[in-house]
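Residue numbers (our numbering), protein chains in the order written: chain Z, 2 to 253; chain S, 877 to 1177.
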Amino acid sequence: MISAIEAHDLGVRYGAVPALDGVTLRVDAGRVTALIGMNGSGKSTLFKAIMGLVRPHSGEVRIGGLTPGAARRRGLISYVPQNEAVDWTFPTSVRDVVMLGRYGHQGFTRRPRRADHAAVADALAQVELTDLADRQIGQLSGGQKKRAFVARGIAQGAHVLLLDEPFAGVDKRSEATITRLLRELAADGRTIFTSTHDLHGLPQLADEAVLLKGHVLLHGTVEDVLQPHQLARAFGLETHSLTAVASLDGVA
Amino acid sequence: MSADPDLLDLILEPLQYEFMVRALVTTIIAAVLCAVLSCWLVLVGWSLMGDAVSHAVLPGVVIAYIAGIPFVIGALGFGVLAVVAIGAISATSRVKEDAAIGIVFTTLFALGLVLISVTPSQTDLNHIIFGNILGVSETDLAQVAGLAAVGLVVLLLKRRDLTLYAFDPIHCHALGISTRRLRSLLLGMLALTAVVSLQVVGVVLVVAMLIIPGATAYLLTDRFRRMLLIAPVTSVACSVAGIYLSYWIDAASGGLVVVVQGSAFFLVYLLSPRHGLLAKWRSHGSESRAIPSHSAPVTPP
Ligand SMILES: Nc1ncnc2c1ncn2[C@@H]1O[C@H](COP(=O)(O)OP(=O)(O)OP(=O)(O)O)[C@@H](O)[C@H]1O
Ligand SMILES: [Mg+2]
């Protein structure tokens, strides 16, 4: 089963503000694809469009050939939110959060069955949070929090994992753990699509990368995307190092 | 009256009056329903909305009274009207949501007051505003019990979905569970609960029963399941204490129910072992002692 994300001529506006325009993109299953772009380039908006949280004014999104709505109802999509989007004081444990991934598998009252408990235990073990499972969710480190939400996607059995800046506020060691985890999940056949600002970690993390600036500037291998003149197009020329390298390349 | 200071007598004496028994039973029922709902309201951040809806149902209740239909129908109608109006005003104008809430609920509440003033037999209706727990009839009690049973069953059956909605509406959406439906469910429950608690504390103070128990429980535990137990237990204890106090010192029962609840919250706010003020001071004190005043600057990699 190959679940890939496809976008055709996708356009999203917030009122009069265009956030995405003519985005055409295919994200393959079994790979880690990184989404790169400066603040406001539309990364979160692209995730929202894939999940059907915003209605595009043009174009369409397909997940494994299905509309976002149909893909959601089948539990194919899981989303790891940006840090700011979560209420970390919520009275819930790590285990309870992972159990939220099972709701699509459960009946009217979402009463967990043995299979659900087993899936949660497996997912916790996979992200190495078994020992912390009964902690309140806010009492984890930045990296552990991210892993808890990834575990939720694993327990859900999602084919597509969308991660919005999973490395923000995460130290190097946790970053390595999450990277390894995402690579394992991709090797497992899942589609991993993650935004990141960490260009140094990109070669270890991703098989390919997408440069975004309201539309797709470039979709290629990590090597292609990390070319200084490509980064200069995506991020502008304001940083010193980029200007220096770009001028060497004859772009400036 | 007997001057026997025996506590048991103090407790048992009021129970020989049927009106007191009905008052206590009604209070306990309303307290449980309000407290259970309040757990979600506090976490979703709907305290203001709870205030708004519980006030806005007043004209609905008055119209239902005039038309001779069940109060809950009028209340639901106006509760929904209030929420729709608030949403529409904040979405389609530059007025922010808190202002929209303030405008809509005060206007509807005022409309209710006007309707009461032009309706014959005002005494009955004034009780809606301040509560009339000592005047609960058999029929009132039956209605309250029926509504509360419906509310509790719905809330407990859907408790996991409501908690998911409160914690992570985006994940809720990602699973294909309708957030709009859960929101509507919560709002419907809010209107129903407002009607159930009218008798006890009245429209003006319902919001206290809808916020304080959940907030109190939130300070006492890190598990939602436990909140769902702690909130009703504290709420029932405080409400019953309030009713007794009002009997002993002959003061406003609705007011005393809320005063006792608020006092209990304040105690918990100070003394809660986990999230109380004292516990915080103590842990902050030890933290600041643990951190050296001249910490080494973090060197970039
Ligand atoms: N709710 C909103 N209402 C109006 N405009 C918005 C909204 N959300 C995003 N935008 C605008 O849409 C554009 C894309 O925003 P988006 O959040 O998708 O960027 P991003 O790439 O995720 O940025 P960041 O790196 O800061 O997270 C920006 O110009 C932003 O100002
Ligand atoms: Mg973003």
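Even glycine gets a Cβ: it sits at the ideal position worked out from N, Cα and C.
| Query | Result |
| --- | --- |
| Contact test: THR46/Z Cβ vs ligand 1 heavy atom, cutoff 8 angstroms | yes |
| Short CB-CB distance (under 9 angstroms) between GLY1052/S and chain Z | yes |
| Inter-residue spacing [alpha-carbon to alpha-carbon] between SER1054/S and CYS1048/S | 7 angstroms |
| Contacting positions in the region 1126-1156 of chain S - beta carbon closer than 8 angstroms to chain Z | none |
| Rounded straight-line distance, which links the Cα of ASP1000/S to that of TYR1123/S | 21 angstroms |
| Amino acids of chain Z, ordered along the chain, whose beta-carbon sits closer than 7 angstroms to that of THR1097/S | PRO92 |
| SER930/S and VAL1133/S closer than 9 angstroms at C-beta | no |
| Proximity below 9 angstroms, CB of ARG103/Z to CB of ALA120/Z | yes |
| is_contact[PHE194/Z, chain S] using C-beta, thresh 9 angstroms | no |
| TYR80/Z CB to nearest heavy atom of ligand 1 below 8 angstroms | no |
| Closer than 8 angstroms: ASP165/Z CB and nearest ligand 1 heavy atom | yes |
| Contact set between the region 1100-1119 of chain S and chain Z, restricted to residues whose Cβ is under 7 angstroms from the partner | PHE1100 and MET1103 |
| Near-chain Z residues of the region 941-961 of chain S (beta-carbon distance less than 7 angstroms), N- to C-terminal order | none |
| Strand pairing of HIS9/Z, partner residues [DSSP] | GLU61/Z |
| Which of helix, strand or coil DSSP assigns to GLY251/Z | Caution applies to GLY251/Z, whose pLDDT of 37 falls short of 50 and renders its modelled position unreliable; the model cannot decide the point. |
| Ligand 1 heavy atom lying under 8 angstroms from the CB of MET20/Z | One point to set straight first is that residue 20/Z is Ala, not Met, in the sequence displayed. Yes, the Cβ of ALA20/Z comes within 8 angstroms of a heavy atom of ligand 1. |
| Rounded straight-line distance, which links the Cα of ASP165/Z to that of GLN83/Z | 5 angstroms |
| Identified DSSP bridge partners for GLU209/Z | THR34/Z and THR222/Z |
| LEU213/Z: CB within 8 angstroms of a non-hydrogen atom of ligand 1 | yes |
| Interface partners of HIS1049/S on chain Z, CB under 8 angstroms | MET52, GLY53, LEU54 and ARG73 |
| Any chain S beta carbon closer than 9 angstroms to SER45/Z | no |
| Given 8 angstroms, three or more beta-carbon pairs between the region 912-928 of chain S and the region 1085-1098 of chain S | yes |
| Assumed close pair ALA1024/S, ILE905/S - CB separation to whole angstroms, cut-off 8 angstroms | 5 angstroms |
| Cβ-based burial, GLU224/Z [other Cβ within 10 Å; buried from 16] | exposed |
| Residue burial classification, THR180/Z (beta-carbon count within 10 angstroms, cutoff 16) | buried |
| Simplified DSSP state of SER1159/S, which is helix, strand or coil | helix |
| Ligand 1 heavy atom lying under 8 angstroms from the CB of GLN83/Z | yes |
| Any non-hydrogen atom of ligand 1 within 8 angstroms of MET39/Z CB | yes |
| Alpha helix (DSSP H) runs contained entirely in the region 1111-1135 of chain S, provided each spans 4 or more residues | none |
| VAL897/S - DSSP class collapsed to helix/strand/coil | helix |
| Beta carbon of LEU1096/S nearer than 9 angstroms to that of LEU909/S | no |
| Among VAL1135/S, VAL1079/S, ARG1035/S and SER997/S, the one whose alpha carbon lies nearest that of ARG1059/S | ARG1035/S |
| Test: ARG898/S CB closer than 9 angstroms to a CB of chain Z | no |
| Nearest-angstrom Cα separation, counted from ILE155/Z out to LEU133/Z | 17 angstroms |
| Separation of SER969/S from LEU1105/S, as counted between CA atoms | 41 angstroms |
| Residue ranges of each beta strand (DSSP E) within the region 139-222 of chain Z, 3 or longer | 161-165, 192-196, 209-213 and 217-222 |
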